[in-house]
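The numbering of the sequence shown is my numbering, which starts it at 11 and goes up by one.
Where a beta carbon is used, it is the ideal one built from N, C-alpha and C, also for glycine.
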Amino acid sequence: MSVIVELALPASAFRLGEILSIFEDQEITLKTMVPLGERSVPFFNVSDDTRESFEGHVRKQPSVSDLYVVNSHDGETLYGLDWDIGDDTFFGSIIGLGGSVLKASGGTDQWVFQLRFRTHDALSEFQETCFDADIPIDVLKIYNPTKPDAGPWYGLTPPQRETLTYAVEMGYYSLPRQISTEEIAAEFDISDQAVSERLRRAIETLVTNTLLLTASDE
Numbered sequence: 011m012s013v014i015v016e017l018a019l020p021a022s023a024f025r026l027g028e029i030l031s032i033f034e035d036q037e038i039t040l041k042t043m044v045p046l047g048e049r050s051v052p053f054f055n056v057s058d059d060t061r062e063s064f065e066g067h068v069r070k071q072p073s074v075s076d077l078y079v080v081n082s083h084d085g086e087t088l089y090g091l092d093w094d095i096g097d098d099t100f101f102g103s104i105i106g107l108g109g110s111v112l113k114a115s116g117g118t119d120q121w122v123f124q125l126r127f128r129t130h131d132a133l134s135e136f137q138e139t140c141f142d143a144d145i146p147i148d149v150l151k152i153y154n155p156t157k158p159d160a161g162p163w164y165g166l167t168p169p170q171r172e173t174l175t176y177a178v179e180m181g182y183y184s185l186p187r188q189i190s191t192e193e194i195a196a197e198f199d200i201s202d203q204a205v206s207e208r209l210r211r212a213i214e215t216l217v218t219n220t221l222l223l224t225a226s227d228e
């Protein structure tokens, strides 16, 4: 089963972070990474008011072979970057382990990444590689996706997660039961029937996206 990790690291800890860092107040959003053989071409947005100085800075970097404009819209320019990934252990290990960058953003101080790996073992190996290379990654959260837009809560909607969590914490599933659906309904200002339906759908979603999905993978 694939796994998604959200992590933070200093811009100075990976080569692409150093390449793209130029202004303290400039945040860059990495839109996507397209793998081309041993290379990985990043596409990212930059505000137009810093475009000229940004281009000058990036083109001077020895590992950059090409910086080109994809399009410009609403005060931002979308760039593509052709670079030598060989001296970037952080990105090199992501690509080498079959990982992918889902999204990322940062500036001169810190970047936050959301990465997907095919297995937990691949993620563990990635973490070990960063540790051995003294790359100070800070893991913020880890979760198993069920589909691209499922999010970190296994497909639960915020109301489902909140209601199910409250029900468990207050003893709804304890023996003997310590809270009724009527009391849960009063807490969330919804009907007794709505509570029952919300809990039923939440449990069905959890089982479908965890136990059934795991069984299918096995």
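Best match in the options for proximity to residue i [C-alpha to C-alpha]
| i | options | result |
| --- | --- | --- |
| Q170 | Y183, R210 and T139 | R210 |
| P168 | I14, A212 and F101 | A212 |
| N55 | E16, K113, L17 and L19 | K113 |
| Q71 | A132, E28 and G102 | E28 |
| S82 | D58, I95 and I105 | D58 |
| L19 | F101, R187 and G96 | F101 |
Whole-angstrom distance between residue j and residue i, CA atom to CA atom
| i | j | result |
| --- | --- | --- |
| V205 | S184 | 17 angstroms |
| E16 | E135 | 16 angstroms |
| L107 | S12 | 12 angstroms |
| E197 | P52 | 47 angstroms |
| T173 | S190 | 13 angstroms |
| T87 | Q120 | 21 angstroms |
| I152 | G165 | 15 angstroms |
| I194 | H130 | 37 angstroms |
| V74 | S63 | 16 angstroms |
| L216 | R208 | 12 angstroms |
| L26 | V178 | 45 angstroms |
| L133 | F123 | 14 angstroms |
| T218 | Y176 | 21 angstroms |
| S103 | G85 | 34 angstroms |
| I105 | I95 | 10 angstroms |
According to DSSP, residues forming a beta bridge with residue i
| i | result |
| --- | --- |
| K151 | E16 |
| H83 | E86 |
| D76 | D92 |
| G116 | I38 and W121 |
| N231 | Past the edges of the chain, shown from 11 to 228, lies residue 231, and the structure says nothing about it. |
| R126 | I14 and S110 |
Residues near residue i in its chain [Cβ-Cβ closer than 8 angstroms; skip 5 each side]
| i | result |
| --- | --- |
| T99 | F24, T139, C140, A143 and I145 |
| Q137 | I147 and V149 |
| L77 | E65, V68, R69, Y89, G90, L91 and D92 |
| R187 | G181 |
Check whether residue i and residue j have beta carbons under 8 angstroms apart
| i | j | result |
| --- | --- | --- |
| E192 | D202 | yes |
| R126 | I14 | yes |
| S10 | L40 | Lying outside 11 to 228, the shown extent of the chain, residue 10 is not represented and no answer is given. |
Neighbourhood of residue i by C-beta distance below 7 angstroms, restricted to the same chain and skipping five residues each side
| i | result |
| --- | --- |
| V79 | T87 and Y89 |
| D97 | R25 and S73 |
| G47 | Because G47 sits at a pLDDT of 49, beneath the cut-off of 50, its placement in the model cannot be relied upon, and the following sentence gives the value as read from the coordinates. If we look at G47 and ignore the five residues flanking it on each side, it has no Cβ neighbours. |
Cβ neighbours of residue i in the same chain (closer than 6 angstroms, five flanking residues each side left out)
| i | result |
| --- | --- |
| R61 | T87 |
| R128 | S12 and G108 |
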